[in-house]
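Comments concern the structure below.
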Amino acid sequence: MLTAEVKDYLKKVTFLAPSVRELWIIGSRANGNARDESDWDFLAFGELGALEEVAAAPSLHLDYIDLLVVRPDGTFERPWGESKSGSLGAWEWSPVDATHAKYVGTKWIPDREAEEEGIDTLGDIQRRTLWAYKVWPDRECS
Numbered sequence: 236m237l238t239a240e241v242k243d244y245l246k247k248v249t250f251l252a253p254s255v256r257e258l259w260i261i262g263s264r265a266n267g268n269a270r271d272e273s274d275w276d277f278l279a280f281g282e283l284g285a286l287e288e289v290a291a292a293p294s295l296h297l298d299y300i301d302l303l304v305v306r307p308d309g310t311f312e313r314p315w316g317e318s319k320s321g322s323l324g325a326w327e328w329s330p331v332d333a334t335h336a337k338y339v340g341t342k343w344i345p346d347r348e349a350e351e352e353g354i355d356t357l358g359d360i361q362r363r364t365l366w367a368y369k370v371w372p373d374r375e376c377s
């Protein structure tokens with residue numbers, strides 16, 4: 236599932252941010268609908284201070300990896316770049332077992348006719364259940 240380059244990146248995250256205790260893959264690569272140009276989406280569950288540790292390591296900021304750091308209270312935030320934050324509660328995060336979880340993702344589906352006319356504000360939000368997989372600590376990144 237993970238490339239050697241991504242595995243090396245995740246090892247680097249755990250080395251430079253020792254407060255990170257788990258890494259999970261989410262998004263299109265976890266759910267089997269990624270394209271070649273899709274980015275890699277990860278949640279880094281950490282203790283207090285994990286966000287600051289990750290943010291202090293600029294070598295972890297890669298354009299093709301979207302890393303969200305989850306605090307102990309279930310809120311998450313992107314440590315750099317365009318602001319992105321939220322909560323696992325809003326995603327209806329539900330662990331299935333020690334290595335799998337389900338959550339509700341949303342995606343904007345533009346109205347085709349409006350899109351053809353250059354209008355990108357008409358459409359619907361699609362909700363669907365998605366999967367997440369723990370990749371560290373685990374054999375996937377070891």
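Using our numbering, the first residue of the sequence shown is number 236, and each one after it goes up by one. Note that the Cβ used here is the ideal one computed from N, Cα and C, for glycine as well.
Asked                                                                                               : Found
Supposed close pair Trp259, Val370 - CB separation, criterion 8 Å                                   : 7 Å
N-terminal and C-terminal residue of the beta strand (DSSP E) that Thr341 is part of                : His335 to Pro345
According to DSSP, residues forming a beta bridge with Lys369                                       : Trp259
Pair within 7 Å by beta-carbon distance, Gly353 and Pro345                                          : no
Euclidean distance between Cα positions of Ser322 and Arg363                                        : 17 Å
Straight-line Cα distance separating Lys246 from Asp271                                             : 23 Å
Beta-carbon proximity of Tyr368 to Ala265, cut-off 7 Å                                              : yes
Helix, strand or coil at Glu312 according to DSSP, with G and I counted as helix                    : strand
Gly284 beta carbon less than 7 Å from that of Ser320                                                : no
Selection from Ala325, Ala252, Leu295 and Thr341 that minimises the alpha carbon distance to Gly262 : Thr341
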